[in-house]
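Take a look at the structure set out below.
Numbering (the numbering used here), first residue to last: 1 to 528.
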């Protein structure tokens, strides 16, 4: 069942990779230019003078505080050279992607990138693939494939870590339901575009899964420590703020065990745990040193902090929608019903875990939620609003994806064994509904670029823009990951009564203090 769900989520990522118009993710032209350059050995690029940035006319003095150090210029091959300005679909959100057919005037020479100073490590693998490109379109496609492969690999690590060692009836379905809810359409969209944001999101999911796996009662085997260390290290290297998500995952791990038990577990695991910790620390150090060396962190203007906190609170609802799905350059919203769908799914798991959890579990759940809210407010007020940029939900989404995983982990531990079949049925429903939501999100985005937001609902026959092969073909192909999701849900439901694990009446809640099983009513009747 885990392989089916993972195949479906990976299918969605690559479907978006192939069908979303090039350049239609936030700052994707700049990410593309950096990836092409990084794949050819241009790791640092050249600093763009402040006077040149002012001549663009796109930034005010607040914005220049941040972008003046992030901007770099690169020498990109002529057949792959682009402009890094927003595409016509971002500047004119009411038009279809047909405007992209008009070739932009690409100036000779170097190309500037607003993310040029970001950590280059994951861009290299994307850029290496563009050596096989023969045009801008093929370059975008190959760079996107590099990003999608990294995201899919980290997603697979997350699923493996979460399910590792879980064989009791009803537990695995709940954990898979948590993954289906955590991987929102926005995460799929970001994972399919050029850049390191997808790796940051999928890596945060893997870090959360690692924290939960390493905090369980049994001592993890060596390979689990090594894989967890790789997930933490790769995630830390992805983006400037990624070490924060690694730190949050480690905090959850300590919160579930307590500091003394966590230290004892590290010592007891020996070399594998030391290796995992070393990999994670190298990743964090590499990211922090790079960020500090290039002065990517701007000083906080403390006098503006209060005003920024108020503005962040006002935009909280919009940012929450963006964590579920607002595509393009924040210009392609989903139908309202899809936002409520994900709120009900995620909120239902969280509330159920809060009800059945112990006081320690409730404190950790509530504390984690408060940390996410505090991170949103502080990042918005102290970084993005102060620097002239609006807060976007995707900036805090790496922290948010850990909450559904924590919720289902509590449910898997605390639900009585006799309720395992019911829990599996609920989990199957959650997985199936999430598949419908993913399909609806893809259709919404496709409609916007095919005929524009105000175009006819039926856009398959005569679109203004379509990917190679036409929308009819891709819509049929889009049914495949949805069908696979349904197959995963069906497998979860069908196997609920046959999974290995303790029989009803002999679960953790059915033991006396001396460890002997309590006699069930049927057992007493049999004796009589």
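Think of the CB as a built atom: it goes at the ideal place given N, C-alpha and C, for glycine as much as any other residue.
Quick caveat, the model's predicted, so the values are computed rather than measured.
According to DSSP, simplified to helix, strand and coil, what is residue 463? Taken through DSSP and simplified to helix, strand or coil, residue 463 comes out as coil.
- Query: Enumerated in chain order, which unbroken segments of the beta strand (DSSP E) with a length of 3 residues or greater are wholly contained in the region 57-89?
  - Reply: Every beta strand (DSSP E) of 3 residues or more that sits fully in the region 57-89 is shown, in chain order, as 72-74.
DSSP bridge partner residues for residue 327 (one or two, in chain order)
Beta-bridge pairing links residue 327 to 332.
Using a Cβ-Cβ cutoff of less than 8 Å, which residues in the same chain neighbour residue 491 once the five nearest sequence positions on both sides are dropped? These residues qualify, in order along the chain: 1, 4.
TODO: Give a yes or no on contact between the region 116-130 and the region 201-220, applying the rule of three or more CB pairs nearer than 8 Å.
DONE: With fewer than three CB-CB distances shorter than 8 Å, the region 116-130 does not count as touching the region 201-220.
Please classify residue 500 as buried or exposed, where buried requires at least 16 other C-beta atoms within 10 Å of its C-beta. With a pLDDT of only 45 at residue 500, under 50, the local geometry of the prediction cannot be trusted, and no value is derived from it.
Going by C-alpha to C-alpha distance, which of 368, 140, 110 sits closest to residue 530?
A query on residue 530 cannot be resolved here, the shown segment of the chain reaching from 1 to 528 and no further.
Original post:
From which residue to which residue does the alpha helix (DSSP H) around residue 113 run?
Top reply: Run containing residue 113: none in the alpha helix (DSSP H); it sits in the beta strand (DSSP E), 111-113.
Please classify residue 47: does DSSP put it in a helix, a strand, or coil?
Of the three classes helix, strand and coil, the one that applies to residue 47 here is strand, per DSSP.
Considering only the alpha carbon of each residue, which of 187, 224, 34 lies closest to residue 161?
Nearest C-alpha to residue 161: 224.
For this session: Count the CB pairs spanning the region 274-288 and the region 236-245 that are closer than 8 Å, and state whether there are at least three.
Result: Because the criterion of three Cβ pairs below 8 Å is met, the region 274-288 and the region 236-245 touch.
Item to check | Cα-Cα separation between residue 47 and residue 127, rounded to whole angstroms | outcome: Whole-angstrom Cα-Cα distance: 20 Å.
**Study point:** Collapsed DSSP secondary structure at residue 347 in the structure displayed
**Key:** Residue 347 falls in the helix class under three-state DSSP.
Buried or exposed, going by whether 16 or more other CB atoms sit within 10 Å of the CB of residue 192? By the neighbour-count rule (16 or more Cβ atoms within 10 Å), residue 192 is buried.
Exercise for the section: Identify whether residue 218 lies in helix, strand or coil by the three-state DSSP scheme. Expected result: Note: residue 218 maps to coil in three-state DSSP.
Determine the extent of the alpha helix (DSSP H) in which residue 361 is found, giving its start and end residues.
From DSSP, the alpha helix (DSSP H) with residue 361 extends over 359-379.
Inset, instruction - Round the Cβ separation of residue 21 and residue 97 to the nearest angstrom and send it over; I've been treating them as touching at under 8 Å. - result: Cβ-Cβ separation between residue 21 and residue 97: approximately 4 Å, consistent with a contact (criterion under 8 Å).
Query raised in the report: Taking all protein chains shown into account, do 16 or more other C-beta atoms lie within 10 angstroms of the C-beta of residue 358, making it buried, or fewer, making it exposed?
Result: By the Cβ neighbour-count rule, residue 358 is exposed, with fewer than 16 other Cβ atoms within 10 Å of its own.
| field | Nearest-angstrom Cβ-Cβ length linking residue 440 and residue 471, presumed shorter than 8 Å | value | About 15 Å separates the CB atoms of residue 440 and residue 471; that is not less than 8 Å, and the two are not in contact.
Taking one C-beta from the region 71-85 and one from the region 20-40 each time, how about it: are there three or more such pairs within less than 8 Å?
Proximity of the region 71-85 to the region 20-40 meets the contact definition, three or more beta-carbon pairs being nearer than 8 Å.
- So the alpha helix (DSSP H) residue 123 belongs to, where does it begin and stop? For residue 123, the enclosing alpha helix (DSSP H) begins and ends at 121-129.
_Opening and closing residue of the alpha helix (DSSP H) in which residue 145 lies_ = For residue 145, the enclosing alpha helix (DSSP H) has its first and last residue at 136-163.
- Message: Assuming the contact rule is C-beta atoms closer than 8 Å, residue 430 and residue 345 should be a hit. Round their C-beta distance to whole Å, please.
- Response: Confirmed, about 6 Å.
**Request:** Can you give me the Cβ contacts of residue 34 inside the same chain, cut-off strictly under 6 Å, excluding the 5 residues immediately before and after it?
**Result:** Contacts found: 113, 115, 116, 123.
Is it buried or exposed, residue 271, if we count other Cβ atoms within 10 angstroms and call 16 or more buried? Counting the other CB atoms within 10 Å of its CB gives residue 271 a total below 16, which places it among the exposed residues.
Discussion item. Give me, in chain order, the residues of the same chain whose beta-carbon lies closer than 7 Å to that of residue 288; leave out the 5 immediate sequence neighbours on both sides.
Written reply: Excluding sequence positions up to five before and after residue 288, its CB lies within less than 7 Å of the CB of 243, all in the same chain and listed in chain order.
| When burial is assigned at 16 or more other CB atoms within 10 Å of the CB, is residue 11 buried or exposed? | Label assigned to residue 11: buried.
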